[in-house]
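Chains as they are written, first to last, in the working numbering: chain A, 1 to 382; chain B, 383 to 764.
Following: one structure in structure tokens, then a few remarks.
There are 2 protein chains.
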Amino acid sequence: MNALAPQLEHPKHPVLVRALPTTTPRRRMLAVGLIGPGRVGSALLTQLRAAQTRLSESGLELKLCGVAASKRMWLDCDDPDLNRRCDRAQIWRPADLRQFARHVLGDDGRHALLIDCSANDEVAAHYAGWLAEGVHVVTPNKLAGSGPLERWQAIRAASHAGARFRYEATVCAGLPVVQTLRDLLDTGDELLAVDGMFSGTLAWLCNRHDGGRPFSALVREAHALGYTEPDPRDDLSGLDVARKLVILAREAGWALSLDDVDVQSLVPAELAALDADAFMARLDELDAPMAAQLAIARAEGGVLRHVASLDRDGRASVKLAVLPASHPFAHTRLTDNVVQFTTRRYHDNPLLVQGPGAGPEVTAAGVFGDLLRIAESLEARA
Amino acid sequence: MNALAPQLEHPKHPVLVRALPTTTPRRRMLAVGLIGPGRVGSALLTQLRAAQTRLSESGLELKLCGVAASKRMWLDCDDPDLNRRCDRAQIWRPADLRQFARHVLGDDGRHALLIDCSANDEVAAHYAGWLAEGVHVVTPNKLAGSGPLERWQAIRAASHAGARFRYEATVCAGLPVVQTLRDLLDTGDELLAVDGMFSGTLAWLCNRHDGGRPFSALVREAHALGYTEPDPRDDLSGLDVARKLVILAREAGWALSLDDVDVQSLVPAELAALDADAFMARLDELDAPMAAQLAIARAEGGVLRHVASLDRDGRASVKLAVLPASHPFAHTRLTDNVVQFTTRRYHDNPLLVQGPGAGPEVTAAGVFGDLLRIAESLEARA
């Protein structure tokens with residue numbers, strides 16, 4: 001639907017005649033600065049490099065002007081040749097986000113975008129200022145969207161001045177969730193409820209929790225497989241899921257904060273304050289309560305799932321729920337995320353999006369998609 | 383994520399402080415002409431009217447310049463006051479699509495959009511010409527996307543010149559399907575397969591076809607409920623589903639045509655040529671073959687579903703399939719559509735979108751979403 005026609009080879013059907021522009025496509029240049037060159041940031045850079053020729057043919061020149069890590073950063077020196085050889089031309093200096101943003105913005109009126117792939121609250125504190133200066137911001141970092149309400153409102157207000165703030169990858173990575181909600185609302189639909197499973201880890205644990213093995217053994221397996229955070233309590237607490245719920249609520253215009261979400265942690269209170277090793281050593285204390293929850297679900301003929309729910313009466317919760325075996329959430333694939341929007345138009349049958357909602361590549365793709373959407377809206381500049 | 387902040391009331395949580403622009407939003411005017419004021423077109427006009435204030439606050443002025451039906455059309459007289467009272471100021475004249483397009487385009491360099499809500503192939507024949515003249519085109523009409531390949535290629539080539547062609551609502555109405563595929567490809571993913579149930583009618587029939595009642599009784603019930611087309615063969619033939627598959631294949635850059643799709647019609651050959659009444663009178667001739675299919679599915683321990691499939695080896699089919707009871711398609715809600723993308727990134731667990739995929743309101747919302755996406759990309763003009 002836009003100019004980035006894919007170039008897939010197809011054994012039987014030849015690739016469509018490449019639709020060459022009959023006039024020069026609108027040329028746009030976008031200066032990009034990446035903050036947080038970790039797993040997601042690196043995957044994004046790989047994706048952007050792979051797409052560069054295609055983007056250029058469609059009229060979009062991306063210019064990577066710098067990368068900032070927590071302690072150091074490099075800035076390109078604005079020489080196109082050097083920029084192309086940026087790996088060799090790196091000059092690392094102490095990180096300074098104000099200087100970094102100023103450099104990416106430049107002084108020639110170009111379009112500029114900062115991509116925050118850190119998980120750092122200090123970076124989020126800069127968004128409103130950057131947007132007010134006309135710098136677009138894209139991030140998979142949930143801290144702005146689910147952080148203090150005042151800061152969020154300041155970011156939204158700043159983004160209304162022209163620069164755009166996008167954060168599709170904050171909820172279920174590359175799955176089309178935030179944009180889908182945005183489109184529903186922008187076309188005049190009304191959100192009645194959101195229900196979902198926003199944690200692949202918790203989905204996997206609930207799917208596998210069938211009474212055959214103690215819950216702690218499943219947690220240990222998930223930990224060994226890399227499905228959990230280094231400290232599994234970061235998943236089991238439900239806090240990360242609650243953040244996603246807050247982001248969706250605010251997207252719908254509801255002034256929800258993290259404190260408003262009724263979060264049921266799977267971590268018993270007496271294990272919450274331990275250090276990570278001590279927690280892992282006492283993991284089997286999760287077994288009895290989880291077995292009891294499973295027994296309740298089975299007595300009701302249902303399944304146990306970890307569900308985030310939000311309705312327009314202000315109720316927001318993240319908890320274990322007993323669902324009927326016929327419920328769509330009962331049949332998701334092991335680590336799948338799922339989001340279900342109930343709206344005025346999608347009332348009897350909600351709209352549902354399902355699939356993997358974590359991982360560097362799909363998260364980076366969600367960020368990349370946001371970048372493309374911003375690029376579509378750029379006016380031609382030299 | 384854009385300026386069209388929703389204004390939902392929320393009993394507990396006050397609506398977010400409205401983020402008023404601190405600078406004037408970029409002002410864009412878009413002249414719109416609607417072709418085909420049927421159920422979808424009328425629903426769209428209602429949605430656009432309801433959104434007008436919100437759009438205007440975000441800097442987008444929509445100006446409805448005319449409506450064309452198959453035989454007659456009206457054009458506004460370019461007087462803003464009259465335009466606001468267009469219901470009363472209608473002057474119907476014989477339909478002339480060239481004149482209509484010229485009128486909407488105007489001669490003052492404004493942005494112009496034609497929305498084709500007809501189901502008319504003659505309208506689709508105009509798209510390439512309109513796009514070449516700089517008129518954006520949005521449609522839920524499947525005839526261009528699934529029609530002759532040469533015409534499709536001409537449309538794509540014309541749209542590369544600057545004017546944009548969007549058609550989200552051609553596949554599963556308002557569900558985010560075409561854009562989701564577009565985003566996957568544009569961010570560098572590779573499509574490996576599409577599988578789906580693209581007909582709410584056939585999904586309902588398969589879901590209800592449990593051996594309790596003859597298949598013909600279910601078709602009669604669906605017909606009476608308005609779930610089928612006036613002639614149920616338009617659903618049972620699978621042709622409409624095949625058109626959607628062709629649209630998605632071409633979106634992925636594969637040169638598929640309707641003839642390439644292996645379509646299994648549920649209508650026995652001897653009933654295909656009858657007139658509608660004669661067909662309905664002989665509907666029970668569907669019962670034996672459908673009962674046999676169900677018996678096969680049950681013998682295999684599976685469920686019978688009507689599935690569209692496409693893979694990158696060029697195989698495209700629309701047919702009854704026996705799926706394992708654990709398959710996601712086995713658990714869809716009665717009339718739900720479902721689309722599953724298997725890609726390089728979404729390989730083990732595909733990306734799935736599910737929900738109602740037909741109806742005037744959700745189809746119109748899909749069209750409206752396309753309009754908004756085009757509006758986002760418009761440069762400011764007087």
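In this text, a Cβ means the ideal position worked out from N, Cα and C, and glycines have one as well.
None of the values given here were measured: they were computed from a predicted structure.
{"query": "Using the Cα positions of B:Pro462 and A:Gly174, report the straight-line distance between them to the nearest angstrom.", "result": "Low local confidence applies: a pLDDT of 48 at B:Pro462 is under 50, so the model's placement there is unreliable, and no value is given."}
{"query": "Using a Cβ-Cβ distance cut-off of 8 angstroms, determine whether B:Glu743 contacts chain A.", "result": "yes"}
{"query": "Once the 5 residues before and after A:Asp401 are set aside, which same chain residues still bring their CB inside 7 angstroms of it?", "result": "This structure cannot settle anything about residue 401 of chain A, because the visible part of chain A is limited to 1 through 382."}
{"query": "Near B:Glu682, what residues of its chain come up, given a Cβ to Cβ distance below 6 angstroms and the 5 sequence neighbours on each side ignored?", "result": "Val704"}
{"query": "With respect to the alpha helix (DSSP H) encompassing A:Ser42, which residues constitute its N-terminal and C-terminal limits?", "result": "39-57"}
{"query": "Can you give me the Cβ contacts of A:Val362 inside the same chain, cut-off strictly under 7 angstroms, excluding the 5 residues immediately before and after it?", "result": "Ala173, Gly174, Pro356"}
{"query": "Looking at the C-beta of B:Ser424, does it have a partner C-beta in chain A at a distance below 8 angstroms?", "result": "no"}
{"query": "How would you label A:Pro268, buried or exposed, when you count the other beta carbons within 10 angstroms and need 16 or more for buried?", "result": "exposed"}
{"query": "I'd like to check one pair, B:Phe580 with B:Ala690: are the Cβ atoms closer than 8 angstroms?", "result": "yes"}
{"query": "Can you name the residues of chain B whose CB is closer than 8 angstroms to the CB of A:Thr180?", "result": "Pro558"}
{"query": "Whole-angstrom Cβ separation of B:Val742 and B:Arg546, contact assumed at under 8 angstroms?", "result": "Residue 742 of chain B is actually Pro in this sequence, not Val. Not quite, the Cβ-Cβ distance comes to about 24 angstroms (not below 8 angstroms), so this is no contact."}
{"query": "Is the closest heavy atom of the ligand ZN to the C-beta of B:Asn719 under 7 angstroms?", "result": "This structure lacks the ligand ZN; in fact it carries no ligand of any kind."}
{"query": "Can you tell me which of B:Ser699, B:Val601, B:Ala413 puts its alpha carbon nearest to the alpha carbon of B:Arg492?", "result": "B:Ala413"}
{"query": "By the three-class DSSP mapping on this structure, what secondary structure does B:Ala679 have?", "result": "helix"}
{"query": "Let me check one thing: in DSSP terms, what residues is A:Asp336 bridge-paired to?", "result": "A:Pro356"}
{"query": "If you follow the beta strand (DSSP E) that B:Leu574 is part of, which residue opens it and which one closes it?", "result": "573-579"}
{"query": "Using a Cβ-Cβ cutoff of less than 7 angstroms, which residues in the same chain neighbour B:Arg727 once the five nearest sequence positions on both sides are dropped?", "result": "Asp571"}
{"query": "List, in chain order, every chain A residue whose beta-carbon is nearer than 8 angstroms to that of B:Ser759.", "result": "Glu376, Ser377"}
{"query": "Helix, strand or coil: how does DSSP classify A:Ala31 here?", "result": "strand"}
{"query": "Are the CB atoms of A:Trp204 and A:Tyr167 nearer to each other than 8 angstroms?", "result": "no"}
{"query": "Given A:Leu185, which residues of its chain have a CB within under 7 angstroms of its CB, disregarding the five upstream and five downstream residues?", "result": "Leu191, Ala252"}
{"query": "How big is the Cα-Cα spacing for A:Asp235 and B:Gly751?", "result": "35 angstroms"}
{"query": "Kindly confirm or deny that the segment 518-535 of chain B and the segment 629-644 of chain B touch, where touching means at least three C-beta pairs closer than 8 angstroms.", "result": "yes"}
{"query": "Strictly under 8 angstroms for the Cβ-Cβ distance: is A:Tyr227 near chain B by that measure?", "result": "no"}
{"query": "Please list, in chain order, all residues of the same chain as A:Ala276 whose beta carbon is under 6 angstroms from its beta carbon, the five residues on each side excluded.", "result": "Asp231"}
{"query": "Of all the residues that make up the segment 721-738 of chain B, which are near chain A by a beta-carbon distance shorter than 7 angstroms?", "result": "Arg727, Tyr728, Asn731, Pro732, Leu733, Leu734, Val735, Gln736, Gly737, Pro738"}
{"query": "Could I get the ranges of all uninterrupted alpha helix (DSSP H) runs contained in the segment 251-309 of chain A, with 4 residues as the minimum, in chain order?", "result": "269-272, 276-281, 287-299"}
{"query": "Contact check, B:Leu692 vs B:Leu668 under 8 angstroms by CB: the rounded distance?", "result": "Wrong, their Cβ atoms sit about 26 angstroms apart, outside the cutoff."}
{"query": "Determine, using beta-carbon pairs with one atom in the segment 532-541 of chain B and one in the segment 508-518 of chain B, whether at least three such pairs fall under 8 angstroms.", "result": "yes"}
{"query": "Can you tell me which of the three DSSP states A:Gly317 falls into?", "result": "Before going on, a small fix: residue 317 of chain A reads as Ser here, not Gly. A:Ser317 falls in the strand class under three-state DSSP."}
{"query": "Only counting the same chain, and skipping five residues up and downstream in sequence, which positions put a Cβ closer than 7 angstroms to that of A:Leu149?", "result": "Ala255, Ser257"}
{"query": "Kindly give me the distance between the Cβ atoms of A:Val367 and A:Ala169, rounded to whole angstroms, as I take these residues to be in contact under 8 angstroms.", "result": "5 angstroms"}
{"query": "Who are the Cβ neighbours of B:Leu338 in its own chain at under 8 angstroms, not counting the five residues just before and after it?", "result": "Residue numbering for chain B in the displayed model covers 383 to 764; residue 338 of chain B lies beyond these limits and cannot be assessed."}
{"query": "Taking the DSSP output, what are the residues bridged to A:Phe341?", "result": "A:Val194, A:Leu351"}
{"query": "Look at the alpha carbon of A:Leu202 and the alpha carbon of A:Val241, and state the distance between them as a whole number of angstroms.", "result": "10 angstroms"}
{"query": "Could you please give the first and the last residue of the uninterrupted alpha helix (DSSP H) stretch that includes B:Arg475?", "result": "Note, B:Arg475: premise wrong, no alpha helix (DSSP H); beta strand (DSSP E) at 474-476."}
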